[in-house]
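Structure record follows, encoded as structure tokens.
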Amino acid sequence: MRKLANSELERKTVEDFKQADKTPIIIILDDIRSLHNIGSVFRTADAFLIEKIYLCGITAVPPNKEIHKTALGATETVSWEYSKDVLEVIQNLKQENISVLAIEQVENSIFLQNFSPEENQKYALVFGNEVKGVSQEAVAICDGVIEIPQLGTKHSLNISVSAGIVVWDLFQKLRF
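Take a look at the structure:
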């Protein structure tokens, strides 16, 4: 086996990305403290042609050199918007018939492996603060909650890791 050079990967140009059919997923980042986490989520969103990212609360916005350090230009391809109030974003998306799902550990959550996305349905995924998670107020108005099963001693995963796991799972279920 030979490792491929970047020139052999046939990646999209920025313009090609903007014109491409997007995966029907929106990411909502609420009160994310780490600029590296924000950049990593942008990079994941670019990899899987995610439609849009909402940056809410204290979540920093591009341009920012610390976000850029991990995003590596994905802030130029992935559409994003800032809103101070995550609850308003959730309510607006629900009015557009987008199914909004928190990624959190709550009563009656559905484990990721058991979640089956509906055909022709667009989803918005809410990821919360590194310490506090998705707020109870946001969880309460979401259409449902997906939980990533964990078997170790820790109570949570890094938000950028969680985003990568959930986005990949939904992407492959929707596309393949």
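Residue numbers (the working numbering): 280 to 455. Even for Gly, the Cβ is constructed at its ideal location relative to N, Cα and C. These numbers were taken from a predicted model, which means no experiment stands behind them.
Exercise. For residue 359, which residues of its own chain have a beta-carbon under 8 angstroms away from its beta-carbon, when the five flanking residues on both sides are left out?
Worked result: For the purposes of this step, residue 359 is identified with residue 80 of the sequence shown, where counting begins at 1. Correct list, in chain order: 321, 331, 332, 333, 334, 340 and 341.
For this session: State the Cα-Cα distance for the pair residue 377 and residue 369, rounded to the nearest angstrom.
Result: Taking the sequence shown and counting its residues from 1, one reaches residue 377 at position 98. Taking the sequence shown and counting its residues from 1, one reaches residue 369 at position 90. Approximately 9 angstroms between the Cα atoms of the pair.
For this session: Mark residue 316 as exposed unless 16 or more other C-beta atoms lie within 10 angstroms of its C-beta, in which case mark it buried.
Result: Translated into positions along the sequence shown, residue 316 becomes position 37. Buried: at least 16 other Cβ atoms inside 10 Å.
Exercise. So what's residue 355 in DSSP terms, helix, strand or just coil?
Worked result: Here residue 355 refers to the residue found at position 76 when the sequence shown is read from its first residue. The answer is helix: DSSP assigns residue 355 an H, G or I state.
Exercise. Since residue 379 and residue 372 are thought to touch, with beta carbons under 8 angstroms apart, how far apart are those beta carbons, to the nearest angstrom?
Worked result: Walking along the sequence shown from the start, residue 379 turns up at place 100. Walking along the sequence shown from the start, residue 372 turns up at place 93. That pair is a contact at about 5 angstroms.
Problem set entry | residue 422 versus 313, 382, 299 and 361, residue with shortest Cα-Cα distance | Taking the sequence shown and counting its residues from 1, one reaches residue 422 at position 143. The residue with the shortest Cα to Cα distance from residue 422 is 382.
Problem set entry | C-beta atoms of residue 307 and residue 403 nearer than 8 angstroms | As a first step, residue 307 must be located in the sequence shown, where it is residue number 28. As a first step, residue 403 must be located in the sequence shown, where it is residue number 124. Yes, the Cβ-Cβ distance between residue 307 and residue 403 is below 8 angstroms.
Exercise. Where residue 375 and residue 336 are concerned, what is the direct C-alpha to C-alpha distance, given to the nearest angstrom?
Worked result: Position 96 of the sequence shown, counted from the start, is the residue given in the question as residue 375. Position 57 of the sequence shown, counted from the start, is the residue given in the question as residue 336. Computed Cα separation, rounded: 22 angstroms.
Exercise. Where does residue 350 land, buried or exposed, given buried means 16+ other C-beta within 10 angstroms?
Worked result: In the sequence shown, counting from the first residue as 1, residue 350 sits at position 71. Buried, since its Cβ has 16 or more Cβ neighbours within 10 Å.
Exercise. So what does DSSP say about residue 328, is it helix, strand or coil?
Worked result: Sequence index remark: in the sequence shown, residue 328 carries index 49 (1-based). Here residue 328 sits in coil by DSSP.
Problem set entry | Paired residues, beta bridge with residue 426 - DSSP | Looking up residue 426 in the sequence shown gives position 147. Paired residue(s): 390.
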